[in-house]
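Sequential numbering from 23 applies to the sequence shown in the numbering used here.
Heads up, the beta-carbon is just placed ideally off N, CA and C, and yes, glycines get one too.
Just so we're clear, the structure is a prediction, and the values are computed from it rather than from any experiment.
Comments concern the structure below.
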Amino acid sequence: MKLNSTKLITLIGIMTALSFVLYFFELPVGFILPQAAFLKIDFSDIPAILISLSAGPIAGIVVELLKNILHFIFLNKDGGFVGELANFAAGVSFLLPVAWIARKNFNYKTYLPALALGTAAMAAAMAFVNYYITLPIWGIEDSAARINMINSALTPFNIVKGILMSIVIILLYPRLQSVLKKIGR
Numbered sequence: 023m024k025l026n027s028t029k030l031i032t033l034i035g036i037m038t039a040l041s042f043v044l045y046f047f048e049l050p051v052g053f054i055l056p057q058a059a060f061l062k063i064d065f066s067d068i069p070a071i072l073i074s075l076s077a078g079p080i081a082g083i084v085v086e087l088l089k090n091i092l093h094f095i096f097l098n099k100d101g102g103f104v105g106e107l108a109n110f111a112a113g114v115s116f117l118l119p120v121a122w123i124a125r126k127n128f129n130y131k132t133y134l135p136a137l138a139l140g141t142a143a144m145a146a147a148m149a150f151v152n153y154y155i156t157l158p159i160w161g162i163e164d165s166a167a168r169i170n171m172i173n174s175a176l177t178p179f180n181i182v183k184g185i186l187m188s189i190v191i192i193l194l195y196p197r198l199q200s201v202l203k204k205i206g207r
């Protein structure tokens, strides 16, 4: 959808702020995945996905980038950037297929395939990112140890995260669809 630049910048700012606030609300996954108890799910990707559906994937990527820059500047506890990098990669790898499938019309016929593909793409992309980037940065050099961590904790975590985000989008998008379409004009 075509947006004028002022409207688009404003919408990106609002969605970035909302994403940043949602980043504060993290749910531990230890009760679902005990092997991934060190990971937490947040719903800060939802505004980026919603803006992707109304203004295109570039707007969603910008929201993901700005949210993670803000998190790194204001909330980073360990001084590293690994969590923000992983969050950015996960968010973008989820929203791109969803935005691609929904580029014409995100409706009940396209919900499930788009969100299922987004979840699968996120799980696959994060297996790659974790194997080659994040786990080596964390000091896990052994290939077998990385594969074990990815298969036993990280990939199941990303699948659970994708399913939970999909449920939230299915619940929210129909209620916000008319507003998002108006904004996107």
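At the C-beta level, residue 185 and residue 141 come within 8 Å of one another. For the options 128, 171, 48 and 166, the alpha carbon positioned closest to that of residue 74 is the one of 128. The residues 94, in chain order, have a CB closer than 7 Å to that of residue 103 in the same chain once the five nearest residues on each side in sequence are set aside. In this structure, residue 79 and residue 44 do not form a Cβ contact; the two beta carbons are roughly 19 Å apart against a cut-off of 8 Å. Residue pairing for residue 49: DSSP places it in a beta bridge opposite 63. Residue state for residue 86 is assigned as helix, using DSSP reduced to three classes. Secondary structure of residue 78 (DSSP, three-state): coil. Within the model, the alpha-carbon separation for residue 164 versus residue 172 is close to 12 Å. From the listed residues 182, 92, 159 and 130, the smallest Cα separation to residue 54 is found for 182.
Taking a C-beta distance under 8 Å as the contact criterion, residue 124 and residue 180 do not qualify as a contact pair. Distance check between residue 88 and each of 99, 72 and 106 places 106 closest, using alpha-carbon atoms only.
At the C-beta level, residue 178 and residue 58 come within 8 Å of one another.
Residue environment: residue 48 is assigned as exposed (fewer than 16 neighbouring CB atoms within 10 Å of its CB, all protein chains considered).
Secondary structure of residue 106 (DSSP, three-state): helix. Proximity to residue 62 across 190, 175, 195 and 204 peaks at 175, based on C-alpha coordinates. Secondary structure remark: continuous alpha helix (DSSP H) runs of at least 4 residues inside the stretch 151-176, in chain order: 165-171.
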